[in-house]
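Peer 1: Numbered according to my numbering, the sequence shown spans residues 1328 to 1591.
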Amino acid sequence: MKKVFLLNILLIFLLKNINGDGDTTIEGVIPCTASQQGEGSTTTEQDQGDNSPPSPDDAPPTEGSDSPFCSSSDVDSSCSGFGTGTNVPQAVCVPILAYEPSKVFLTWTQPDVADDVVGYNVYKDGQLLGNSKNNSMQNSVVGRYFDTFLKDEPGFYPKILFNTFWVKGLKPRTKYTFTVRSVLSNGEESEDSKPLIVTTPTNYRKIVDISKVGAVGDGKTMNTKAIQDAIDSCATGSLSPYDCKIRIPRGTFLTGSINFKNQI
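1. Whole angstroms are fine: how far does the CA of K1430 sit from the CA of I1537?
2. Alpha carbon to alpha carbon, how far is D1439 from S1509?
3. Between which two residues does the alpha helix (DSSP H) holding C1397 run?
4. Exposed or buried, which one is D1452 when buried takes at least 16 other CB atoms within 10 Å?
5. Work out the CA separation of L1424 and G1659 for me, nearest whole Å.
6. Would you call the region 1524–1538 in contact with the region 1564–1572, where contact means no fewer than 3 C-beta pairs closer than 8 angstroms?
7. Quick one, which of T1529, L1488, K1521, N1530 has its alpha-carbon nearest L1511's?
8. Take P1522 and list the residues in its own chain whose beta-carbon comes closer than 6 angstroms to its own, dropping the five residues that flank it on each side.
9. Where do the ends of the beta strand (DSSP E) carrying N1461 lie?
10. Assuming T1579 is part of the beta strand (DSSP E), what are its boundary residues?
11. Please report how far the alpha carbon of K1588 lies from the alpha carbon of E1515, in whole angstroms.
12. If we call anything under 8 angstroms between Cβ atoms a contact, is F1476 one with M1464?
13. Exposed or buried, which one is N1414 when buried takes at least 16 other CB atoms within 10 Å?
14. Give the DSSP-derived three-state secondary structure of L1445 in the structure shown.
15. Just to check my reading of the structure: G1457 and V1469 have Cβ atoms closer than 8 angstroms, yes? What is that Cβ distance to the nearest angstrom?
16. Whole angstroms are fine: how far does the CA of A1542 sit from the CA of G1578?
17. Do you know how far the Cα of S1459 is from the Cα of A1557?
18. Can you list, in chain order, the residues of its chain whose CB lies under 8 angstroms from that of V1540, leaving out five sequence neighbours each side?
19. Does A1557 come out as helix, strand or coil in the three-state DSSP assignment?
20. Verify whether the separation of the beta carbon atoms of P1499 and P1428 is less than 8 angstroms.
21. Taking the Cβ atom as the reference point for each residue, do Q1417 and W1435 lie within a distance shorter than 8 angstroms?
22. Using three-state DSSP, classify D1545 as helix, strand or coil.
23. Starting from the C-beta of F1580, find all residues in its chain whose C-beta is less than 6 angstroms away, skip the five residues before and the five after it, and write them out in chain order.
24. Relative to the C-alpha of V1494, which candidate in T1582, I1585, V1525 has its C-alpha closest?
25. In whole angstroms, what is the alpha-carbon distance linking N1490 and Q1437?
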């Protein structure tokens, strides 16, 4: 029973790890695109409907034939690192909408030769940013409890490798190059992954804080109307997800049914 409970806690942690710190929602992480595996140029047609990615003016532009975005259309064995015969991380990419003017969420797949891999280091423009496990601990609400669970019964849990990283403190509309290296059990690193070049979007044109339009985060007040008004105000005139942002400050905001809008 104790082991089942601990596994449930670890599952919650992994979900929180994917979802980041709450400012940007990551609904799914799909490994890679064919072009990231060196299979040549790949052209992806964007859906122009309501669910299409941001416009080119707001989204990180492609660099050469590669897109910085993760893709769900090219998931196969070649995209997962199998057959590369190396310990180099594969398919570094950014999930759709998992970035803001000041931060970017990176993910990648582990190499097919991973028996000696104990972690990953992430680099920005050739400078070490940090270790993916430490980054996950800092950006998860249950991160501080994670090592405690592992130490309780170290032989029970499988090896867990953290293949995500929140990069923060970036400048708007600035180009950055990211690479990932595997960390081996002897402390050495693998070679660099294929570089991922991303340009951050422009600053939000408008930010609507729900607490400034009447919402109260006291855990008692019903804020349905205030939150809906904030959403409606933000969506008015917004042409992309980076025209306007809804900000929810710390607190407990009760709400009933609300209607979300596109392009915010």
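All C-beta atoms in this analysis are idealised placements derived from N, C-alpha and C, irrespective of residue type, glycine included.
Peer 2: On the basis of the data shown:
1. Their backbone Cα atoms lie some 22 angstroms apart in a straight line.
2. 12 angstroms
3. For C1397, there is no enclosing alpha helix (DSSP H), as DSSP gives it neither H nor E.
4. Of the other Cβ atoms in all chains shown, fewer than 16 fall within 10 Å of the Cβ of D1452; this residue is therefore exposed.
5. Nothing can be reported for residue 1659, as the shown portion of the chain is limited to 1328 through 1591.
6. yes
7. Nearest Cα to L1511 within the set T1529, L1488, K1521, N1530: L1488.
8. T1504, T1506.
9. It is not in any beta strand (DSSP E) - N1461 instead sits in the alpha helix (DSSP H) that spans 1459–1465.
10. 1579–1581
11. 48 angstroms
12. No, the Cβ-Cβ distance between F1476 and M1464 is not below 8 angstroms.
13. buried
14. For the sequence presented, residue 1445 should be read as Val rather than Leu. It is a strand residue.
15. Rounded, the Cβ-Cβ distance is 19 angstroms, inconsistent with contact.
16. 10 angstroms
17. Rounded to the nearest angstrom, the two C-alpha atoms are 35 angstroms apart.
18. Only A1553, D1556, A1557, S1560 meet the Cβ criterion.
19. Residue state, collapsed to three classes: helix.
20. yes
21. Yes.
22. strand
23. A1542, G1544, N1550, listed in sequence order.
24. V1525
25. 7 angstroms
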